[in-house]
Every structure is written in structure tokens, then in C-alpha cells.
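>
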Amino acid sequence: MGLLTEQQLHNLAMNVVGKDLEDMGYEFLAVNSKKSRNPQFVATKDKQLIFVVVRAVKYPENPVLYNEELMQKVAKHAATHNAKTFYAGVGIANSVSYDLPVDSEEDYILNYSELIEIK
-15 MGLLTEQQLH
-5 NLAMNVVGKD
5 LEDMGYEFLA
15 VNSKKSRNPQ
25 FVATKDKQLI
35 FVVVRAVKYP
45 ENPVLYNEEL
55 MQKVAKHAAT
65 HNAKTFYAGV
75 GIANSVSYDL
85 PVDSEEDYIL
95 NYSELIEIK
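With this note's numbering applied, the sequence shown corresponds to residues -15 to 103, in that order.
1. Does the distance from the C-beta atom of Pro23 to that of Val58 stay below 8 angstroms?
2. Select from Leu(-13), Gln(-9) and Val37 the residue whose C-alpha is nearest the C-alpha of Lys68.
3. Identify which residue in Asn95, Ile100 and Gly(-14) has its Cα closest to the Cα of Glu45.
4. Would you give the residue range spanned by the beta strand (DSSP E) that Glu11 belongs to?
5. Enumerate in chain order the residues of its own chain whose CB-to-CB distance from Lys19 is below 6 angstroms, with the five nearest sequence positions on each side excluded.
6. For the pair the stretch -3 to 4 and the stretch 70 to 82, tell me if three or more CB-CB distances fall below 8 angstroms.
7. Do Lys29 and Tyr10 come within 8 angstroms of each other at the CB atom, strictly closer than that value?
8. Name the residue from Glu(-10), Met55, Val48 and Val41 whose alpha carbon lies nearest to the alpha carbon of Phe35.
9. Report buried or exposed for Asn66, applying the criterion of at least 16 other Cβ atoms within 10 angstroms of its Cβ.
10. Report back the beta-carbon spacing between Ile93 and Ser81 to the nearest angstrom; my notes put them in contact at under 8 angstroms.
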């Protein structure tokens, strides 16, 4: 198949974060897999609404660093719905060599620790 496109990398990150949210007991109200539309997930648990922005981050970029301006814009919108805002960066690298692009024919490594709350 070859190199993964930006959208395929984003979908991979979405799957990782979606599974994490499910494991934490969240119920999805809306899912948007387009990278250009934010947030990617709107979910609820115990009557608490959350907005989650997901980003696939290619090595050597740090997956916990986020665009402050974007996240504040999403947080402001979330506040109007009494929702909390989270950032979920998923680092993705080729397991053969971090310097190679991510290829569907080779294994890859994911670096995702947890949701980061934006206040």
C-alpha cells in the first residue's frame, strides 16, 4: 500500500483516542474525522460533556505540545456548552527507523499517554 497519508495518520490517531475514551466509559455524541474540523470528539460521561481535539504527530515532533490559539478557541466554544476541553496528541513513528515515514507495510510505534485538559 505504501506511505500513509495525513488523513490515514489522523484516522489512526482517532482510533487510539476513541478506544481510550470508550475504555474510560465515555459515550460519543459526535465524531468528526476531518482534521480541519474541531473538536473531533464530543462525548459525555456522568452528565459531563467533553470536547476532544485529536492530532496525529509525526516524529520528531512532541505529541504533548499543542496549538494554544486553536485550543483556546475550542475551549471558549466548549464553555458555551458547559463542556471541558481536552487535547489528545498521538505520536506516530516508523518502528524500523524513526526517521523513515510511516508505511502501511511496516510496523509503527504510537506514543500516546493521556488526554490533556485545556483550562
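Beta carbons are placed, not taken as given, at the ideal position from N, Cα and C, and that holds for glycine. Because the structure is a prediction, the values reported are computed rather than measured.
In short:
1. yes
2. Val37
3. Asn95
4. Glu11 to Val15
5. His(-6)
6. yes
7. yes
8. Met55
9. exposed
10. Incorrect: roughly 11 angstroms between the Cβ atoms, too far for contact.
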